[in-house]
Each structure stands twice: as C-alpha cells, then as structure tokens.
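Step one of this worksheet: look at the structure below.
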Amino acid sequence: MRKNLFLYLALACFAGLLAIFVFDGYIGLYDTLYVTAGEREERIDPDFWLRQGRATPDAVKNAYYVSANWKEKIRFRYEIDNRRFSSYNADIEVTAWRSQQKLLDMLSQQLAISAFDKEQLEWVLDTAELLPDESTPEQSYEYTVTINMGEMERNLILYINPSTYPLKTIPVPRD
Amino acid sequence: MKLEFILYGFGILFCLAGIGYLAAEYVRYLSEVGKLVALLLTTGMLGFLGKYFQELGW
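Taken in order, these protein sequences are the chains called A and B. Every letter in the first sequence is one number past the one before it in the working numbering, and letter 170, counting from 1, is 170. Every letter in the second sequence is one number past the one before it in the working numbering, and letter 6, counting from 1, is 6.
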C-alpha cells in the first residue's frame, strides 16, 4: 500500500504538471486585431505577436504587413481579453507613423477591463488622410500603425498599393 | 539479445529527447510563476518515483 502511495503521488505531480501548462496557457492578457481592407478581413492572433517577439531580431519584431488600395478606408477591430484575476487598466493610443514622424492620432482612450472580461475597440483609418498632397496613384507608400497599450506595443506596416492602371483624364469634347 | 537492448536504449533515448524538446518548447511560453510551480512538481514527481522504485527494491 505504501509503495503504491508514492506511485500515486508521482502520478498526481504529473497531472499537476499538465494542468499547469493548460492553466498557464489560458491565463493572461490576449489581444486580437482584425483588419478589414477591401473585402478581406485579416485576423492577427495573440500568438503572432508572441512568436514574432521571440523569433526575430529587435529591429523588425512585432510587425505585421497589411496592404490597402489607394485612398481606401481600413477598418480596425481590436479585441482585448483579460483572462486574469485582476482588472486591467491602461491607456491605449493608436497612431500612424512614417519615417519616425507621427502623422495621425487615430484613437486615444483609457481602458478598464474587469477580471475575465473582454473589451472591443473599433476605428477607421482613411488612407487619404495619410497620403501627401502631391502623391500620385502610381506611387506606393508604407506607413506604420502603432498600437500602444500599457507596456505593450503592436506594429503594423501598412502598404498602400499603387494603381495598376493610372487614372487618365479624358478631355471634354468641344462642340 | 544484445541487439534488443540496443534498440530499447535507442527507443528510450528518442522518447526522452522528444519529451525534452516538447517541454523546452512549452516552458518558453510559461509565466515565471508557472515555471516555478512546474519545477516543484517535476522535482516532486521524480522524488516520489524514486521512492516508489526504492520500495520495490531496485
């Protein structure tokens, strides 16, 4: 009986180990970003940021590429899932950058998410607001959309596609 | 007979390597508290397993 007790205790420890992996994987703060450009919705899972942060060098980490068409509006939906025993309070700021210069503030607000609750934020980015006045449809542009939330930073590289067929002005026929 | 033992040895080695690899992959994503608890549980598991084999007379 006594020798079996040690075996059961060892098995209990093993079960505890498995439980720790499952529990620890579930508990935490998880953010999912949905980006709709054109008719496509892209979902950026929390795993993406986690893998990027570990696998790539600092210079390019945490970047996700999104492409959009010339003067298109892009819809963002950001879901924050607080799977922790305490509430989460932080400031969230969404900005657009190009060459280390801030071009646009898209969102700035305070977040307060209670324990095991979710929050969803939505905003729209009009790429026309980002493009310079002298820009032409044949040119492509790249911008960085940065989401700062507490200590977290998420970066998206926004690529604005050039028009395949340049717009032509048709002269008005004169009588 | 000897060949069988060599094959058992290889099997055990591959099992341990597989478990080690999976554990290393999972542990990377554990929180600090999770790592500590996992370490304590692993120590307990190996300790109790050792005690069990000792009781068996190994």
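We treat Cβ as the ideally placed atom computed from N, Cα and C, and that holds for glycine.
- Residue environment: D24/A is assigned as buried (16 or more neighbouring CB atoms within 10 Å of its CB, all protein chains considered).
- As computed with DSSP, E42/A is found in a beta bridge with V35/A.
- In the three-state reduction of the DSSP assignment, Y29/B falls in the coil class.
- Under the Cβ distance rule, Y52/B counts among the residues neighbouring chain A, one pair being separated by less than 8 Å.
- Here M45/B carries a helix assignment [DSSP, helix/strand/coil].
- Taking 7 Å as the Cβ-Cβ cut-off, the region 7 to 24 of chain A approaches chain B at L7, L9, A10, C13, F14, G16, L17, I20, F21 and D24, given in chain order.
- Each of L11/A, V35/A, I20/A and R43/A was checked against the Cα of E32/B, and the nearest Cα belongs to I20/A.
- Rounded to the nearest whole angstrom, the C-alpha separation of G47/B and E4/B is 29 Å.
- The contact set of L56/B on chain A, defined by CB atoms closer than 8 Å, consists of K3 in chain order.
- With a cut-off of 8 Å on Cβ pairs, the region 25 to 38 of chain A is in contact with the region 80 to 87 of chain A, counting three or more such pairs.
- Nearest C-alpha to Q110/A among D117/A, A90/A and F116/A: A90/A.
- A buried status is given to I74/A, since no fewer than 16 other beta-carbon atoms sit within 10 Å of its beta-carbon.
- When DSSP states are grouped into helix, strand and coil, G28/A belongs to the strand group.
- Here DSSP, grouped into helix, strand and coil, assigns T127/A to helix.
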